[in-house]
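A.B. asks:
Protein chains: 2
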Amino acid sequence: MALTLHNFFRSSTSTRLRAALNLKGLEYDYVPYVLRKGETRTPDYLKRNPQGLVPSLEREDGKVLTQSLAIIEWLEETHPEPALLPKDADGRARVRALAHMIALEVHPLNNLRVLGYLAEHFGADDAAQKAWFTHWVTTTFDALETTLARDAETGQFCHGDTPGLADLCLYAQVWNNKRFEIDIATWPVIAGIFERLDALPAFRDAAPPNQPDAA
Amino acid sequence: MALTLHNFFRSSTSTRLRAALNLKGLEYDYVPYVLRKGETRTPDYLKRNPQGLVPSLEREDGKVLTQSLAIIEWLEETHPEPALLPKDADGRARVRALAHMIALEVHPLNNLRVLGYLAEHFGADDAAQKAWFTHWVTTTFDALETTLARDAETGQFCHGDTPGLADLCLYAQVWNNKRFEIDIATWPVIAGIFERLDALPAFRDAAPPNQPDAA
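In structure tokens:
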């Protein structure tokens, strides 16, 4: 199955999907887009993805899948091994909840387009944007740290000793945090998980600086 | 299975979960929280849900499930009928992507806590908050309308003629939009789906004005 990944090196939704594809052992053609130049707003790209967002995953049959978490669930259903979700329903609920804490409560607020709106309409300068970004990371990472430290299910990674869906989101978000110099040491459990993930080729190869379009 | 739903009538993540429970035919005890009064920030509630967010679904065994979409996926796995996702992987990917367009690109930006930050740190008055809210709804609803109008899979509801995961998110978001008087007629396909959903008791009974804590 030939796959084409429409994405951007620094996009954290792209990072989490790249790591998922790597974990599943799936190869893909890498097509980069420069968000600031509006390259995802062209008529051609909007036909693939009416939201004009990355990532999109295009299949050989022309079908284009959108929304990173929906794509990862599709990968999990069509390529079950290695599994990104545990087998038991309670475990799956826990892993999805951890993933969604990051994917729904942090990342959507800290997108490039959101920071752009703050600058344009509220005159948010770099310091104000950093304060905003840091506030939403901190709010959720504090709760995530509490949860990971509390739960017996936490292992070397977010859920046991195998990397999965929640780790994909955590890894990508910690990379995103680096842009605003957020100190990961504030959250030792998260920091430990990140360090172990970063030692795995599937994750390391998905990291922003290791992409062909990295500056 | 006795279930307790910790929620708030106006919360759109609560609305989508209430409708899911209703569709599955599951009864629950309704425990309301007033967000503005900080009732989800008490030590007791934070033990259940370290994020201090609604909804949380508490089971008879004391286990507390969090994050509305993760809870709905758990309901789907443990109570498969009636199904909220299609059987085929492509259909599931489409429904999840539609749901995530709303749940990840609209709702997280338009939370009470986000509007509160804008007011506190950027002096956003009612008009500025409305402009912000409307901007993010419009950005995604335009793309959602395009997608629903384009795809052959769209039926009476987002995917065929059976209500599912995407409809839960759409229904709750349109209710949320009403608070800022956003005219749904701008998006005729979405408006039609909302109207048909609103005629179903499972959805209507989940709507904000029909909850015990509605003002």
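Going down the list, the protein sequences come from chains R and U. Residue numbers for the first sequence follow UniProt numbering, beginning at 1 and rising by one. Residue numbers for the second sequence follow UniProt numbering, beginning at 1 and rising by one. For every residue, glycine included, the Cβ atom is placed at its ideal position computed from N, Cα and C. Predicted model, so just to flag it, every value in this text is computed and none were measured.
1. Check the C-beta distance from residue 238 (chain U) over to V106 (chain U) and give it rounded, since I have them as a contact under 8 Å.
2. Give the interface partners of E27 (chain U) over in chain R, defined as CB-CB distance under 7 Å, in chain order.
3. Check each residue of the segment 112-140 of chain U: if its Cβ is closer than 9 Å to any Cβ of chain R, include it; give the result in chain order.
4. If we ignore side chains and look at the alpha-carbon of each, how far apart do A119 (chain R) and A127 (chain R) end up?
5. Considering Cα atoms alone, identify which of R:L115, R:Y28, R:P86 and R:Y33 is closest to E60 (chain R).
6. To the nearest angstrom, how far is the alpha carbon of Y30 (chain R) from that of V64 (chain R)?
7. At which residue ranges does the segment 55-123 of chain U contain complete alpha helix (DSSP H) runs of 4 or more residues, listed in the order of the chain?
8. When the distance is taken between beta carbons, is D213 (chain U) closer than 7 Å to P32 (chain U)?
9. Is E77 (chain U) near A103 (chain R), with beta carbons less than 7 Å apart?
10. With 16 other CB atoms within 10 Å as the buried threshold, where does A2 (chain R) fall?
11. Can you find a CB in chain C that lies within less than 7 Å of the CB of A97 (chain R)?
12. Counting only C-beta atoms, is E73 (chain U) closer than 7 Å to chain R at any point?
13. Can C158 (chain U) and L75 (chain U) be called in contact, C-beta distance under 7 Å?
14. Name the one or two DSSP bridge partners that Y45 (chain R) has.
15. List the endpoints of the continuous beta strand (DSSP E) containing Y28 (chain U).
16. With 7 Å set as the bound, which would you pick, yes or no: does the beta-carbon of L23 (chain U) sit closer than that to a beta-carbon of chain R?
17. Would V95 (chain R) be called buried (16 or more neighbouring beta carbons within 10 Å of its own) or exposed?
18. How about R10 (chain R) and P208 (chain R): do their beta carbons lie closer than 7 Å?
19. With contact counted as at least three CB pairs below 8 Å, one residue from each stretch, are the segment 173-190 of chain R and the segment 128-137 of chain R in contact?
20. Taking a cut of 9 Å between CB atoms, which residues from the segment 79-92 of chain R lie near chain U?
21. On the DSSP bridge list, what partners appear for H6 (chain R)?
22. Can you find the residues in the same chain that come closer than 7 Å, C-beta to C-beta, to T134 (chain U), ignoring five residues on each side of it along the sequence?
23. Listed from N- to C-terminal order along the chain, which residues in the segment 41-53 of chain R have their beta-carbon within a distance smaller than 9 Å of any beta-carbon of chain U?
24. Got a sec? Which residues, its chain only, sit under 6 Å from E58 (chain U) by beta carbon, not counting five neighbours each side?
25. What's the C-alpha gap between D167 (chain U) and Q156 (chain R)?
26. Do K178 (chain R) and the ligand MG come close, with the Cβ less than 6 Å from some heavy atom?
C.D. replies: Working from what's here:
1. Nothing about residue 238 (chain U) can be read from this structure; chain U reaches only from 1 to 215.
2. Going along chain R, no residue has its Cβ under 7 Å from E27 (chain U), so there is no contact; the nearest lies around 20 Å.
3. R113, V114, Y117, L118, H121, F122, G123, A124, A128, A131, W132, H135, W136, T139 and T140
4. Taking the straight line from one Cα to the other gives about 11 Å.
5. R:Y28
6. 14 Å
7. 68-78, 89-105 and 112-122, all fully within the segment 55-123 of chain U.
8. yes
9. no
10. exposed
11. Of the chains in the structure shown, none is chain C; the protein chains are R and U.
12. At a cut-off of 7 Å between beta carbons, E73 (chain U) contacts chain R.
13. no
14. DSSP, once it has assigned bridges, lists no residue as partnering Y45 (chain R).
15. That residue, Y28 (chain U), is in no beta strand (DSSP E); it is neither H nor E in DSSP.
16. no
17. buried
18. yes
19. By the criterion of at least three beta-carbon pairs nearer than 8 Å, the segment 173-190 of chain R is in contact with the segment 128-137 of chain R.
20. A89, D90 and R92
21. Answer is R:V31 and R:S56, bridged to H6 (chain R).
22. F180 and I182
23. L46, N49, P50, Q51, G52 and L53
24. T4 and V64
25. 37 Å
26. Ligands displayed in this structure: none; no statement on the ligand MG is therefore possible.
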